[in-house]
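Residue numbers (full-length UniProt numbering): 1 to 235. Idealized CB from N, CA, C, for every residue including glycine. This report refers to the structure that appears directly beneath it.
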């Protein structure tokens, strides 16, 4: 009997000790955010009744959040680069308008001396102004306007939040549902087709910067035009 017990002990596999290097230290997967999008759109998507539109062909690799398109996102689903529902108007009207007007002023009034003899140092002032306007436009149109997650906890209603039937979620004061974007936006202000997206809490500062910079560019362009006209009359 004792011999059998000793044989079992000898034949039993040795205990393996886990070293610190073998411990799984991988970070836990973050919960992906579920945004308060239109329940009608979700129902149509689940039933396969959502028909593709023109946006789908150009943003085929993007993750759709309501009527917005997340081109680049974080691990939790938060959009890093997102396009609004009016992005074709911004890409085909706003950007060409800025480049067309500024390019005309830059070439015919500053570079080409056949119409006027303005100093070339104006280029070092005008071109950075145009680039700053385009950069501020990108920060508005490609930034999260303030998408809100879906909240169905009834305790939120007791905290002063209001129920929104369009997205099936509670919303805080100031957050409104944007019909064009199809999602609930924090501190929603308005939809701006010139920037291609809605204006909310997270892109309001960039929107104000764009409005101020584009006005300054207009004043600068008018000033250069008046200068060129006066210079042409004097010569």
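The alpha-carbon of residue 42 is positioned some 14 Å away from that of residue 63. Taking the Cα positions, residue 206 is about 30 Å away from residue 110. Around the beta carbon of residue 162, fewer than 16 other beta carbons sit within 10 angstroms, so the residue counts as exposed.
Under the DSSP assignment, residue 79 falls in the beta strand (DSSP E) whose first and last residues are 79-83. Per the coordinates, the alpha-carbon of residue 170 lies some 10 Å from the alpha-carbon of residue 158. The C-beta distance from residue 140 to residue 195 rounds to 5 Å, short enough to meet the 8 Å contact threshold. Going by C-alpha positions, residue 149 is about 12 Å away from residue 38.
Sorting 32, 113 and 83 by C-alpha distance to the C-alpha of residue 75 places 32 at the top.
Under the three-pair Cβ rule at 8 Å, the stretch 225-234 does not count as touching the stretch 125-138. Sequence-distant partners of residue 105 (beyond 5 residues in either direction) whose C-beta falls short of 8 Å from its own C-beta, in its chain, are 126, 221, 224 and 225. For the 7 Å CB-CB criterion, residue 184 and residue 167 form a contact. Counting along the chain, residue 139 sits inside no beta strand (DSSP E); it lies in the alpha helix (DSSP H) bounded by residues 123-141. For residue 154, the secondary structure class from DSSP, reduced to helix, strand or coil, is coil.
Relative to residue 100, the option among 165, 80, 134 and 160 whose CA is nearest is 134. Residue 201 is not a Cβ neighbour of residue 160, given a cutoff of 7 Å. Annotation for residue 213: 132, 133 and 136 place their beta carbon closer than 7 Å to its own, counting only its chain and skipping 5 residues before and after.
Residues 118 of the same chain have their beta carbon placed closer than 7 Å to that of residue 227, with the five preceding and five following residues left out of the count. When DSSP states are grouped into helix, strand and coil, residue 148 belongs to the coil group.
The continuous stretches of beta strand (DSSP E) do not include residue 219, which lies in the alpha helix (DSSP H) extending over residues 204-234. Excluding the 5 residues flanking it on each side, residue 151 has same chain C-beta neighbours closer than 6 Å at 169 and 170, in chain order. A residue is called buried once 16 or more other Cβ atoms fall within 10 Å of its Cβ, and residue 68 is buried on that count. Spanning the alpha carbons of residue 198 and residue 143 requires a straight line of approximately 10 Å.
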